[in-house]
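At position 222 of the sequence shown (counting the first as 1) the number is 220 in my numbering, and the numbers step up by one without a gap. Contents: one structure, followed by commentary.
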Amino acid sequence: MSESFDRQPEYSGAYAELSADDQRLLDALLESGFDVDGMEPLTERERVRAERLNEMFGLLHDYPVDDADDTLIAATMVRIDRLEETERRSYQLEAAGQGGGGGRFLGMNLRRPDFIGVAAAGLLAVSVLWPMANAVHQRSIDESCRNNLRLTSYGFSQYASDHNGHLPVARAGYGGGKTWDRISNRINLNPLIEGQYCSHGHLNCPGHHEDLKIGYSYQWQRPDSDLRWGVGRVTVIMGDRNPLIENARRGVFIPALSVSNDHGGRGQNTLSTDGSVMWLAQPVIGRGDNIWLPHGMDRLEPGAVSQDDSDVFLTH
């Protein structure tokens, strides 16, 4: 991976009020599943407005709910029957005075078809809103992850300023059997925390739910590494959790192009030595360099090591 790679510029600005043009772009954004690149050809002005709208949805937080199924429908109908029976007994005299044709629920006269209609409307609302709510939730996780990497980038910059441009390292690998399958590479991020360059919370993606202080994967530190922050060739040094590591430690080998689990199987965020944050739909950069594996390998073997500083190998 000797060549630098393309990045998408990030836009940051004040949000505009929702106008007629924004409403049209919002409709198109919803139809594309919150994917600005998947929208119909846009002018530069329309793209900026669409990205602002997408950022607004990224600020929302929601929690997923289970899809409606036959079990929920059956349980709803049973509950309706019980409510009708209870109300019929409690208000027998009142129902008789009104002709005995209905029941009561929350102080309202509702017949069985009314209950069924209410239940059906509720199920329909869940079925329609769930995909949208899930999309908003995922976008929120994506943006929070990028913000954590930006804060970590600031920590790297301050550390490099105090250490002649070097990246943090507590113990370099390879010597004495120090390979990815024998030691945790998370230890090499400890200098950032111990030196108060950043906090534990900045080093973990919100989409990673295990109770870990450091959740990101970091470039494996070679004893002879001369990688510098903000100097020379730009390369990826940190990103979402490498999905191959934990599986390989259990003797399970998954496909080399598997994406991180932190973002629902959609891709991963990465941080480069120039401080930029980039989203990768596939774990590959440059001319086919897989960020999960040492160069030239198609699966993660015990004792595997990166070839040189141009070989990105993110571990934890």
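The beta carbon of each residue, even a glycine, is placed where N, CA and C say it ideally should be. Quick caveat: nothing in here was measured; it's all calculated off a predicted structure.
What residues match up with Arg226 in a beta bridge as DSSP calls it?
His164
For Asp306 and Gly262, I'd like the C-alpha separation in whole angstroms.
31 Å
Among residues of its own chain, excluding the 5 on either side of Pro166, which ones have a beta-carbon nearer than 7 Å to its beta-carbon?
Tyr157, Asn186, Leu187, Pro189, Leu190
If you drop the 5 nearest sequence neighbours on each side, which residues of the same chain put their C-beta closer than 7 Å to that of Gly364?
With the chain covering only -1 through 314, there is no way to say anything about residue 364.
Is Ala18 helix, strand or coil when you go by DSSP?
helix
Since Leu28 and Asn52 are thought to touch, with beta carbons under 8 Å apart, how far apart are those beta carbons, to the nearest angstrom?
That belief does not hold up - the Cβ atoms of Leu28 and Asn52 are roughly 11 Å apart, past 8 Å.
So, with DSSP's three-state summary, where would you put Ile181?
coil
Classify Ser215 as helix, strand or coil using the three-state DSSP reduction.
strand
If you drop the 5 nearest sequence neighbours on each side, which residues of the same chain put their C-beta closer than 7 Å to that of Ser159?
none
Looking at C-alpha atoms only, which residue of Met75, Arg47, Tyr195, Leu269 is the closest neighbour of Gly120?
Met75
In chain order, what residues of the same chain lie with their CB nearer than 7 Å to the CB of Ser142, ignoring the 5 residues before and after it?
Pro204
Excluding five sequence neighbours on each side, which residues of the same chain lie with their C-beta closer than 7 Å to the C-beta of Gly294?
none
Give the C-beta separation of Leu269 and Thr150 to the nearest angstrom, bearing in mind that I take them to be a contact with Cβ-Cβ under 8 Å.
6 Å
Could you name the residues of the same chain whose beta carbon sits closer than 6 Å to that of Glu38, not counting the 5 residues immediately before and after it, in chain order?
none
Is Trp178 near the ligand GDP, judged by its Cβ being under 6 Å from some heavy atom?
Among the components of this structure there are no ligands whatsoever, and the ligand GDP is therefore not found.
Rounded to whole angstroms, what is the Cα-Cα separation between His164 and Arg285?
26 Å
Three or more beta-carbon pairs under 8 Å between the region 218 to 232 and the region 269 to 280, yes or no?
yes
Tell me the rounded alpha-carbon separation between Leu24 and Arg297.
43 Å
Taking just the CA atoms, how far does Ile78 sit from Arg239?
47 Å
With a Cβ-Cβ cutoff of 7 Å, do Asn259 and Pro241 count as a contact?
yes
Based on the DSSP output, what are the partners of Thr268 in its beta bridges?
Gly237, Met276
Pull up the DSSP beta-bridge partners for Leu312, would you.
Gln217
The alpha helix (DSSP H) enclosing Leu190, as first and last residue numbers
188 to 192
Considering Cα atoms alone, identify which of Arg184, Asp35, Trp178, Arg86 is closest to Glu316.
There is simply no residue 316 to check, as the chain begins at -1 and stops at 314 in what is shown.
In three-state DSSP terms, what is Ile78?
helix
Tell me which residues share the same chain as Cys196 and place their Cβ nearer than 8 Å to its Cβ, disregarding the 5 neighbours each side in the sequence.
Leu149, Thr150, Tyr152, Gly153, Leu190
Does the Cβ of Ala279 have 16 or more other Cβ atoms within 10 Å, making it buried, or fewer, making it exposed?
exposed
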